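> Residue numbers (this note's numbering): 1 to 652. Where a beta carbon is used, it is the ideal one built from N, C-alpha and C, also for glycine. Values in this document were obtained by computation on a predicted structure and should not be read as measured data. Below are the structure tokens for one structure; questions will follow.
The following block contains the structure:
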């Protein structure tokens, strides 16, 4: 036990050693003549995350901006979030996330490992983006090229979203300041990896637009660890009065990732290739008045998640499963400020979920599912009021509820209440919220196609529930630093699983429960305009103790340092404790026996900024796994050793 503790302390010390080394050379540059002005680089951004924000309803979100993604040299959602406190990931490939089995997923505070189904929902601009048929996320559909920021909601917040215990939401790019800007990024490196992205945005008076596209490809660090990501995004906005604005965007992507297979296993056991594509369209009408603001959104999102060349129990026969998903609906939200210091919030979500599949075998056999459709109508309301003055002592009580009317299951309520106390630069928040998540199309397709003995027992299911409690405190040390500490407790019940015989037949039942409690702490330090530091730790105590991807201890730290005016060094490191892995099966008393060992990762990126033909240009080198650590997210699936990328970014 002492050795384990000492090893964790050693890893954390290494993180801080790399951070502290940056502050020493700062003085050596004093008195030297600056080579030139860099007006676009004023203050280096915070590493790892932009910050944590507590709102008036005592809910908390973590934001990762485009700047942090750039510093991390992130190429997809999992690499953008893997150092975020409370978040863990799994993957097989350097580029692309294999959508079958455990090939690509993100977990938040121990949530998200159930398969089929998942406790976490993926959203883009608040619109669902996941595989409806099997009711779980597909990470490659969450393209980060159009992302202005990524929001991580680590707990139920019924006044923002419903039908999920936690959410990851991509905020799409838009041009908010006057003028035009274009950026081109080219990268190449290990494993024949190539990356090209281009975006352009403009705003002139009441009109704004944004377009972007990206292409990523890699052969991978192992045979059949290849992947490819392609995306295109376009947005148009027009403010036709001082109070009203209309906007629309479309996002399309087309991706593939292969399964490299378990090391040493026969090649015939590899799980094939997973291809994904989607086409999302969203129209938003926004309003902003002195005493009210809100929006109405109409959306449609369709796509495919095709698991191709799967092995079967019959020798020489392979399976090609073509899954189709469809989401459409409307979301409306309005906040009223009828009195000073207070807010009344109202909203309504109408969400339709549809899906089907065609299952084809190489011996000519077919097995198609015609699909099913769920509809959820979900109104919600909340109220808060701030007493006192934020320059001194203040407190903000809040309360609200969301109601769920489901087309196939019983209705449910999701209440929440919170309190925020503050005195100058210190703030304390405490809150309770009930999370509700309904069974998805997974229970229908499993009953009708995978295990027909289940018959219609799925119709007797209730939604899963979690009661979330949270207390947190933060303190700002002027402009120098911010420290935060959060305790959370999740009491989950009515998890739906298959109860096997005896007695027959097998049935679906809301019978399982779990508990997760933990602590998150972080500190951000900005000792100068040229140096920014971050460190965070997450401690988890899950029950059952074999909950997948819920390590007891996770450390992360990062640094951004600008030196010699034109150079910028970004370092990030992470320690992840031993953890159970793989999916949490939908079967009564299922246990997880697969474990992976703890690991420490150190990554870095150094860039040189210079003007070229009047444009701001950066050339950079990014190195992952600098310490060449041997690690894996699933036994038999080793991840890359030390590897690197070189690139150029041109802004004009």
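1) Quick check on this structure: which residue in 545, 96 and 549 has the alpha carbon closest to the alpha carbon of residue 224?
2) Would the segment 367 to 375 count as touching the segment 383 to 399 if we require 3 or more Cβ pairs under 8 Å?
3) Apart from the five residues on each side of it in sequence, which residues of its chain come closer than 6 Å, Cβ to Cβ, to residue 194?
4) Locate the beta strand (DSSP E) running through residue 69, then write down its first and last residues.
5) Just the Cα atoms here: how many angstroms apart are residue 624 and residue 643?
6) With a CB to CB cut of under 7 Å and the five nearest residues on each side skipped, what residues in its chain are close to residue 394?
7) Check residue 174 in the structure and name its three-state DSSP category.
8) Is the CB-CB distance between residue 540 and residue 554 below 9 Å?
9) Should residue 50 and residue 67 be called a contact, given that it needs their Cβ atoms to be closer than 9 Å?
10) Would you give the residue range spanned by the beta strand (DSSP E) that residue 77 belongs to?
11) Do residue 513 and residue 162 have their C-beta atoms within less than 9 Å of each other?
12) What would DSSP say about residue 495, mapped onto helix, strand or coil?
13) For residue 47, tell me which candidate among 65, 239 and 220 has the shortest Cα-Cα distance.
14) Can you give me the C-alpha to C-alpha distance between residue 661 and residue 574, rounded to a whole angstrom?
15) Quick check on residue 614: buried or exposed, where buried means 16 or more other Cβ atoms within 10 Å of its Cβ?
16) Going by the beta-carbon positions, is the gap between residue 168 and residue 72 smaller than 9 Å?
17) Tell me which residue opens and which closes the beta strand (DSSP E) that residue 441 is part of.
18) Would you tell me roughly how many angstroms separate the C-alpha atoms of residue 522 and residue 472, rounded to the nearest one?
19) Do you know offhand how far residue 476's Cα is from residue 602's?
20) Check this for me: beta carbons of residue 207 and residue 182, under 9 Å apart or not?
21) According to DSSP, is residue 527 helix, strand or coil?
22) Spatial neighbours of residue 597 within its chain, please: C-beta separation below 7 Å, excluding the five flanking residues on both sides.
23) Checking the sheet assignment: what are the DSSP bridge partners for residue 487?
24) From the DSSP output, in three-state form, read off residue 191 for me.
25) Label residue 595 either buried or exposed according to how many other C-beta atoms from any shown protein chain fall within 10 Å of its C-beta, with 16 as the threshold for buried.
26) Just the C-alpha distance for residue 281 and residue 212, rounded to the nearest angstrom, thanks.
27) Check whether the segment 347 to 358 and the segment 307 to 319 touch, using three or more Cβ-Cβ pairs below 8 Å as the test.
28) Since residue 680 and residue 524 should fall inside the 8 Å C-beta cutoff, what is the C-beta to C-beta distance between them, to a whole number of angstroms?
29) At which residues does the beta strand (DSSP E) containing residue 118 begin and terminate?
This is what the structure holds:
1) Taking the chain shown and counting its residues from 1, the one referred to as residue 224 is at position 224. If we check each option's Cα against that of residue 224, 96 comes out closest.
2) no
3) For the purposes of this step, residue 194 is taken as the residue at position 194 of the chain shown. Counting only Cβ-Cβ distances below 6 Å, and skipping sequence neighbours, we find 188 and 217.
4) Position 69 of the chain shown holds residue 69. Unbroken run through residue 69 is the alpha helix (DSSP H), 66 to 71; no beta strand (DSSP E).
5) Here residue 624 refers to the residue found at position 624 when the chain shown is read from its first residue. Here residue 643 refers to the residue found at position 643 when the chain shown is read from its first residue. Cα to Cα, residue 624 sits roughly 5 Å from residue 643.
6) As a position in the chain shown, residue 394 is number 394, starting the count at 1. Cβ within range, chain order: 386, 387, 388 and 422.
7) Indexing the chain shown from 1 puts residue 174 at position 174. It is coil, neither helix nor strand.
8) The residue you call residue 540 lines up with position 540 of the chain shown. The residue you call residue 554 lines up with position 554 of the chain shown. Contact flag set, yes.
9) Looking up residue 50 in the chain shown gives position 50. Looking up residue 67 in the chain shown gives position 67. In contact: residue 50 and residue 67 (Cβ atoms closer than 9 Å).
10) What you label residue 77 is simply residue 77 of the chain shown in a count that begins at 1. Run containing residue 77: none in the beta strand (DSSP E); it sits in the alpha helix (DSSP H), 77 to 81.
11) In the chain shown, the residue the question calls residue 513 occupies position 513. In the chain shown, the residue the question calls residue 162 occupies position 162. The answer is no: Cβ separation not under 9 Å.
12) The count along the chain shown starts at 1 and reaches residue 495 at position 495. It is a strand residue.
13) In the chain shown, the residue the question calls residue 47 occupies position 47. Closest by alpha carbon: 65.
14) Outside the shown range of the chain (1 to 652) lies residue 661, about which nothing can therefore be said.
15) Start at 1 with the first residue of the chain shown, and residue 614 comes out as number 614. Exposed is the call here.
16) The sequence position of residue 168 within the chain shown is 168, counting from 1. The sequence position of residue 72 within the chain shown is 72, counting from 1. No, these two residues do not count as a Cβ contact at 9 Å.
17) Counting from 1 along the chain shown, the entry for residue 441 is found at position 441. Counting along the chain, residue 441 falls outside any beta strand (DSSP E), though it belongs to the alpha helix (DSSP H) covering 441 to 445.
18) Within the chain shown, the letter at position 522 stands for residue 522. Within the chain shown, the letter at position 472 stands for residue 472. Computed Cα separation, rounded: 12 Å.
19) Locating residue 476 in the chain shown gives position 476, where the first residue counts as 1. Locating residue 602 in the chain shown gives position 602, where the first residue counts as 1. Taken atom to atom, the span from the alpha-carbon of residue 476 to that of residue 602 is near 28 Å.
20) Along the chain shown, read from residue 1 onward, the residue named residue 207 stands at position 207. Along the chain shown, read from residue 1 onward, the residue named residue 182 stands at position 182. For residue 207 and residue 182, no; Cβs fall outside 9 Å.
21) One-based indexing of the chain shown puts residue 527 at position 527. Strand, per DSSP.
22) Numbered from its first residue, the chain shown carries residue 597 at position 597. Cβ within range, chain order: 578.
23) Here the question's residue 487 lines up with position 487 in the chain shown. In the DSSP output, where bridge partners are listed per residue, residue 487 has 471 and 519.
24) Residue mapping note: residue 191 aligns to position 191 of the chain shown, counting from 1. Reduced to three states, the DSSP call for residue 191 is helix.
25) For the purposes of this step, residue 595 is taken as residue 595 along the chain shown, with counting starting at 1. Label assigned to residue 595: exposed.
26) Counting from 1 along the chain shown, the entry for residue 281 is found at position 281. Counting from 1 along the chain shown, the entry for residue 212 is found at position 212. If I take the Cα positions, the gap works out to 15 Å.
27) no
28) A question about residue 680 goes unanswered here, because the residues of the chain that appear run from 1 up to 652.
29) Residue numbering aside, residue 118 sits at position 118 when the chain shown is read from its first letter. Premise fails: residue 118 is in no beta strand (DSSP E) and is neither H nor E.
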